[in-house]
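These notes are about the structure you will find just below.
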Amino acid sequence: MRFETLAIHSGRQPDPTTGALATPIYQTSTFVFEDVGVTRGYDYSRTANPTRKALENCIAELEGGKAGFAFATGMAAETTVMHLLKAGDHVISGDDIYGGTYRLFEEVMKDFGLEFTFLRMDDGKRIEEAIRPNTRMIWIETPSNPLLNIIDIEMVVDIARRHNLMTVADNTFPTPYFLRPIEYGVDLVVHSTTKYLNGHCDVVGGAVVTNTDELTERVQFLLNALGTCASPFDCWLVLRGIKTLPVRMMRQEENAAQVAAYLEKHPKVEKVFYPGLKSHPGHEIAMRQMGGFGSVVSFEIEGGIEAVNSFLRSVTIFSLAESLGGVDSLVEHPATMSHASMPEDVRRGVGITDSLIRLSVGLENVDDLIEDLAQALES
């Protein structure tokens with residue numbers, strides 16, 4: 151089946167008791183055993199739950215992986231993945247990653263003995279030079295958050311395989327509709343399902359998709375042992391959201407492309423970051439490995455922080471809020487919001503300036519969105 155069909159039908163079976171088409175919310179903590187040591191496949195909802203299983207199967211099929219796992223938040227998913235490692239292991243990560251991921255790595259996991267190297271992953275030689283005897287994992291975001299840098303996944307996987315390293319790709323921005331990292335040989339895919347997979351800004355969640363039986367067994371063990379799983383109701387909301395993922399992604403990308411083109415020509419905009427623009431340095435790689443460019447657009451404006459604050463106070467359709475990927479258009483200031491946990495010198499070093507603004511382009515009429523940006527820039 152093609153993606154649009156899979157988004158609706160994957161993971162779903164009519165309820166065996168009632169024939170209900172929609173997956174029921176199995177809001178239960180425990181399940182009755184049929185006999186001593188005999189269950190119907192479920193015993194306790196932390197370990198497994200039918201609603202969660204439906205979502206996990208759906209995401210795994212969309213990503214083309216072995217198995218999927220649903221977590222309470224995107225950060226719960228990432229934290230679980232980090233527990234695949236042990237003290238003394240070294241991780242190579244992109245440098246302009248999501249601020250919460252950077253905080254987890256630098257301020258939490260380091261205390262448990264993990265080591266990290268953050269670098270721009272646009273050069274294979276640079277990545278190889280960062281590999282140490284204790285390197286175990288390469289972590290990538292593509293497009294990156296918030297600078298929309300594009301990483302050549304085939305290049306990274308080739309390096310990782312030659313050095314026997316695990317690869318992890320955060321696929322939150324493109325979703326499997328635009329990019330399927332497992333098809334390029336990535337070992338693990340992580341998601342904040344809060345974003346595009348759910349798509350309505352009404353739930354938080356995370357997911358991991360595995361590419362090998364060994365990783366499947368280990369992630370299942372960790373989910374149960376750490377208790378980082380998602381609740382049945384939250385899983386139901388994400389499962390519902392995925393059914394409209396293809397149509398949302400197509401329309402939001404169309405809107406984002408027009409917004410990016412408008413901003414690129416505006417005299418008060420210094421720089422636009424969007425891989426769909428031919429001026430973007432990663433445009434050709436994105437064309438090769440992605441089916442679309444997504445709907446996040448970042449840009450820098452003239453006038454420094456005062457101009458930024460004036461712009462943020464002036465928008466009326468774009469809501470000043472964290473997060474992204476919903477039907478509502480959002481605007482945020484990475485330096486003081488999504489990436490505030492990064493030290494200022496680190497932010498500046500990777501290119502996240504005080505003049506940078508990030509848009510999550512939603513489903514509103516694109517002319518209204520552009521008019522809103524125009525009046526805010528005039529302010």
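One point on numbering: in this note's numbering, the residue at position 248 of the sequence shown is 398, and numbering is uninterrupted. Note that CB positions come from ideal geometry on N, CA and C, so glycine has one too.
In DSSP terms, what residue i is bridged to
i    : result
L480 : S469, S510
V422 : F449
A217 : T360
H341 : A357
M316 : M287
C351 : According to DSSP, which records beta bridges pairwise, C351 is partnered with nothing at all.
Y194 : T180
C379 : F221
V397 : DSSP lists no partner for V397.
V188 : D185
L269 : G244
Of the residues the options, the one placed nearest residue i, counting alpha carbons only
i    : options                : result
G441 : E256, S448, H433       : H433
L427 : V419, E414, S479, E528 : E414
T317 : V340, A526, N299       : V340
G335 : V353, C351, R312, A375 : R312
S195 : C208, Y176, A407       : Y176
Q163 : D185, P200, F183       : P200
V307 : A280, I288, N299       : I288
M400 : H416, V422, G475, F221 : G475
L212 : F383, D518, P324, G454 : P324
F221 : L205, L235, K236       : L205
G238 : F266, G250, A227, F219 : F266
S491 : S381, A210, G250, T178 : G250
K216 : L372, D337, H350       : D337
P382 : V409, A280, V369, V353 : V353
D273 : I309, Y252, I507       : I309
A485 : I455, V477, E514, S460 : I455
F268 : D517, V496, E514, V516 : V496
A416 : R398, E403, F449, V397 : Inspection of the sequence shows that residue 416 is occupied by His rather than by Ala. The option with the nearest alpha carbon to H416 is F449.
D504 : Q525, H430, L462       : L462
S460 : Q525, A411, T362, N515 : Q525
R508 : D517, A471, F371       : A471
D518 : H240, M225, Y412, P431 : Y412
R253 : M151, M225, F443, A375 : M225
E404 : N515, D363, E279       : N515
L530 : V447, L329, V477       : Past the boundaries of the shown model lies residue 530; the chain is included only from 151 to 529, so the question cannot be answered.
Pair within 8 Å by beta-carbon distance, residue i and residue j
i    : j    : result
G214 : I332 : yes
Y248 : N295 : yes
P293 : N284 : no
T378 : T229 : yes
R270 : D245 : yes
H489 : I502 : yes
I467 : V458 : no
T366 : G355 : no
L527 : K421 : no
S510 : S445 : yes
Q439 : I303 : yes
L523 : V409 : yes
G512 : S473 : no
A198 : V358 : no
Burial state of residue i, where buried means 16 or more other Cβ atoms lie within 10 Å
i    : result
G499 : exposed
N314 : exposed
V186 : exposed
G191 : exposed
N348 : buried
T223 : buried
M232 : buried
V182 : exposed
E257 : exposed
F262 : exposed
P326 : buried
S387 : Reading off the sequence shown, one finds Leu at residue 387, where the question assumed Ser. By the 10 Å Cβ count, L387 comes out buried.
S179 : exposed
E494 : exposed
L373 : buried
P425 : buried
E521 : exposed
T189 : exposed
D384 : buried
S429 : exposed
L171 : exposed
N361 : buried
A375 : exposed
T155 : exposed
R282 : exposed
F371 : exposed
Proximity test, Cβ basis, 8 Å: residue i and chain C
i    : result
N348 : Here there is only one protein chain, and chain C is not present.
(request) Kindly provide the ranges of any alpha helix (DSSP H) runs that are 4 or more residues long and lie completely inside the segment 238-267, ordered along the chain. (result) 249-253
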